[in-house]
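Enquirer: From first to last, the protein sequence lines are chains H and P. For the first sequence, position 58 matches number 58 in UniProt numbering, and the numbering has no gaps at all. For the second sequence, position 132 matches number 132 in UniProt numbering, and the numbering has no gaps at all. Idealized CB from N, CA, C, for every residue including glycine. Model, not experiment: these values are computed from the prediction. Can you read through this structure? Questions will come right after.
2 protein chains.
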Amino acid sequence: MEAYPFTVGLIRVITLEREEDRDCHGRLIMEYFPELRVISRCIPDQPEGVHSPETEALAAPKIVALAKELREEGADMILVSCAADPAVEDIRTLGIPAMGAGECTAAVAGRYGKRVAVLGITPDAPSAFERLLGEGLIDASMPDGIRSTLDLQTPEGRQSAVDKAAWQKAQGAQVIALACTGMATIGLAPVLEKELGLPVIDPVLCEGLFAKLEMLRRDLYR
Amino acid sequence: MEAYPFTVGLIRVITLEREEDRDCHGRLIMEYFPELRVISRCIPDQPEGVHSPETEALAAPKIVALAKELREEGADMILVSCAADPAVEDIRTLGIPAMGAGECTAAVAGRYGKRVAVLGITPDAPSAFERLLGEGLIDASMPDGIRSTLDLQTPEGRQSAVDKAAWQKAQGAQVIALACTGMATIGLAPVLEKELGLPVIDPVLCEGLFAKLEMLRRDLYR
Numbered sequence: 001m002e003a004y005p006f007t008v009g010l011i012r013v014i015t016l017e018r019e020e021d022r023d024c025h026g027r028l029i030m031e032y033f034p035e036l037r038v039i040s041r042c043i044p045d046q047p048e049g050v051h052s053p054e055t056e057a058l059a060a061p062k063i064v065a066l067a068k069e070l071r072e073e074g075a076d077m078i079l080v081s082c083a084a085d086p087a088v089e090d091i092r093t094l095g096i097p098a099m100g101a102g103e104c105t106a107a108v109a110g111r112y113g114k115r116v117a118v119l120g121i122t123p124d125a126p127s128a129f130e131r132l133l134g135e136g137l138i139d140a141s142m143p144d145g146i147r148s149t150l151d152l153q154t155p156e157g158r159q160s161a162v163d164k165a166a167w168q169k170a171q172g173a174q175v176i177a178l179a180c181t182g183m184a185t186i187g188l189a190p191v192l193e194k195e196l197g198l199p200v201i202d203p204v205l206c207e208g209l210f211a212k213l214e215m216l217r218r219d220l221y222r
Numbered sequence: 001m002e003a004y005p006f007t008v009g010l011i012r013v014i015t016l017e018r019e020e021d022r023d024c025h026g027r028l029i030m031e032y033f034p035e036l037r038v039i040s041r042c043i044p045d046q047p048e049g050v051h052s053p054e055t056e057a058l059a060a061p062k063i064v065a066l067a068k069e070l071r072e073e074g075a076d077m078i079l080v081s082c083a084a085d086p087a088v089e090d091i092r093t094l095g096i097p098a099m100g101a102g103e104c105t106a107a108v109a110g111r112y113g114k115r116v117a118v119l120g121i122t123p124d125a126p127s128a129f130e131r132l133l134g135e136g137l138i139d140a141s142m143p144d145g146i147r148s149t150l151d152l153q154t155p156e157g158r159q160s161a162v163d164k165a166a167w168q169k170a171q172g173a174q175v176i177a178l179a180c181t182g183m184a185t186i187g188l189a190p191v192l193e194k195e196l197g198l199p200v201i202d203p204v205l206c207e208g209l210f211a212k213l214e215m216l217r218r219d220l221y222r
């Protein structure tokens with residue numbers, strides 16, 4: 001038995017200069033599931049990340065290229081660590097096992113309640129939430145005054161997220177799914193759970209959970 | 001830190017005399033997730049288990065009573081280890097955290113493909129599969145000639161399950177969800193995965209996965 005028997009290649013869909021920023025999601029996943037080994041990579045030349053159809057199209061071939069590289073380096077599977085799941089289907093067509101943070105989060109959120117609200121940084125819910133939650137998806141909103149996850153790190157930004165989530169609860173949401181991995185990085189889920197008293201689903205925790213499941217399935221089934 | 005910091009109370013919705021039969025699901029979950037402690041209990045006076053609306057109604061108050069007992073014994077959450085999720089909502093109304101094997105399996109299956117077939121031992125899919133998969137649920141079938149999971153343990157029964165799953169694949173299923181925890185006990189998922197080459201989702205593995213998530217959420221958020 002190797003020390004790290006299962007390797008996850010994690011792709012950040014944003015260009016980050018500092019290693020500790022690049023490794024942030026992977027570090028969280030290894031904290032939750034110490035038996036996983038996560039190698040993180042950033043796509044080049046997109047310091048603004050993916051936040052529109054245009055930037056997603058620009059990123060897609062870079063994501064696929066990184067997935068191939070990570071497989072060659074021994075990755076057992078690829079995580080695209082973004083709630084929009086960019087290029088995940090493209091990677092799968094190459095025969096590389098791949099998951100996106102969005103589909104993992106949407107799948108988990110459905111179990112926690114019949115009426116799910118999505119809190120993100122885009123005006124619409126990412127496609128996996130629409131596909132997996134269907135009529136159970138009662139709202140998709142972004143906090144007022146927030147344009148990026150950086151804005152959430154101020155006291156005003158955090159309060160804006162709490163206010164929007166409280167509004168979603170008032171609309172009948174039984175669970176809130178965070179549709180931006182940057183919201184995991186800043187630890188928003190515990191803040192909202194404590195304020196609102198309902199389950200708040202964190203995308204990085206969810207992608208880690210499904211990576212753990214793949215590790216178990218490999219060990220049990222192959 | 002205790003040796004077993006998170007305790008799952010697992011309810012079998014069938015009366016089983018032998019301790020090793022009663023503990024079978026819990027033993028599998030602790031094999032997958034050694035950091036969980038699982039205590040298993042059987043409902044009394046139902047050696048035929050739950051397999052119809054009548055037997056489900058008969059079992060419901062017994063399941064709720066066991067959930068209360070398990071909480072008093074220190075369980076952090078309750079797993080109702082049956083794909084029909086009997087009495088799960090009733091337990092929740094008492095303020096006891098509870099999950100059913102059906103909802104956990106349905107949630108996981110949705111992530112593995114857009115077109116899901118349910119293979120069970122009842123003619124219809126349990127309600128969580130309909131709720132969580134919606135139009136993604138393309139078929140619910142039972143193997144021909146199978147009336148209980150005991151029948152699946154013979155070579156003929158196993159072949160009948162393989163045949164039905166192959167038929168579901170031919171109908172366009174991208175993933176097969178097993179809607180009977182007895183199918184986990186006999187290790188049907190690996191057999192079907194090897195035969196068919198598509199993901200086959202095991203209900204006991206899925207309920208363990210969501211119990212692990214609850215343990216993590218408790219440690220991270222409270």
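With 8 Å as the threshold, decide whether the Cβ of H/GLY134 is near any Cβ in chain P.
Expert: At least one chain P Cβ lies under 8 Å of H/GLY134.
Enquirer: Give the interface partners of P/LYS114 over in chain H, defined as CB-CB distance under 9 Å, in chain order.
Expert: In chain order: ARG131.
Enquirer: Look at the alpha carbon of H/GLU73 and the alpha carbon of H/GLY172, and state the distance between them as a whole number of angstroms.
Expert: The alpha-carbon atoms of H/GLU73 and H/GLY172 are separated by roughly 46 Å.
Enquirer: What residue from P/ALA166, P/LEU220, P/VAL204 and P/THR122 has the CA that sits closest to P/LEU79's CA?
Expert: The shortest C-alpha separation from P/LEU79 is found at P/VAL204.
Enquirer: Just to check my reading of the structure: H/LEU10 and H/SER81 have Cβ atoms closer than 8 Å, yes? What is that Cβ distance to the nearest angstrom?
Expert: With a Cβ gap of about 5 Å, H/LEU10 and H/SER81 count as contacting.
Enquirer: Return the chain-ordered ranges of every alpha helix (DSSP H) run that is complete within the segment 62-120 of chain P and spans a minimum of 4 residues.
Expert: Listed in chain order, they are 88-93 and 101-112.
Enquirer: Flag this pair as touching only if the segment 206-221 of chain H and the segment 23-42 of chain H have three or more C-beta atom pairs under 8 Å; answer yes or no.
Expert: With the cut-off at 8 Å, the segment 206-221 of chain H and the segment 23-42 of chain H touch.
Enquirer: When DSSP labels each residue in this structure, what does P/SER52 get in the three-state scheme?
Expert: Of the three classes helix, strand and coil, the one that applies to P/SER52 here is coil, per DSSP.
Enquirer: Who are the Cβ neighbours of H/CYS104 in its own chain at under 8 Å, not counting the five residues just before and after it?
Expert: Answer for H/CYS104: PRO203, CYS206, GLU207, LEU209 and PHE210, listed in chain order.
Enquirer: Indicate the three-state DSSP secondary structure (helix, strand or coil) for P/LEU16 in the structure shown.
Expert: Correct three-state label for P/LEU16: coil.
Enquirer: On the criterion of 16 or more Cβ atoms from any shown chain inside 10 Å, does P/LEU192 qualify as buried, or is it exposed?
Expert: That one is buried.
Enquirer: Strictly below 7 Å CB to CB, what residues from chain H border P/CYS104?
Expert: Ordered by position in chain H, the residues that pass the 7 Å Cβ test against P/CYS104 are ARG111.
Enquirer: Report yes if the C-beta distance between H/VAL118 and H/ALA179 is below 8 Å; otherwise report no.
Expert: Against a cut-off of 8 Å, the Cβ pair of H/ALA179 and H/VAL118 comes out as a contact.
Enquirer: Taking just the CA atoms, how far does P/PRO126 sit from P/SER160?
Expert: Roughly 21 Å between the two C-alpha positions.
Enquirer: Check whether chain H comes within 8 Å of P/MET215, counting only Cβ atoms and requiring the distance to be less than that.
Expert: So, not an interface residue.
Enquirer: Have a look at H/THR185 and H/PRO143 and give me their C-alpha separation to the nearest angstrom.
Expert: Those two C-alpha atoms are separated by around 17 Å.
Enquirer: Under 7 Å Cβ to Cβ from H/MET1, same chain only, skipping five residues before and after it: list those, please.
Expert: Any reading at H/MET1 must be qualified, since the residue scores a pLDDT of 35, below 50, and its modelled position is unreliable; no value is offered.
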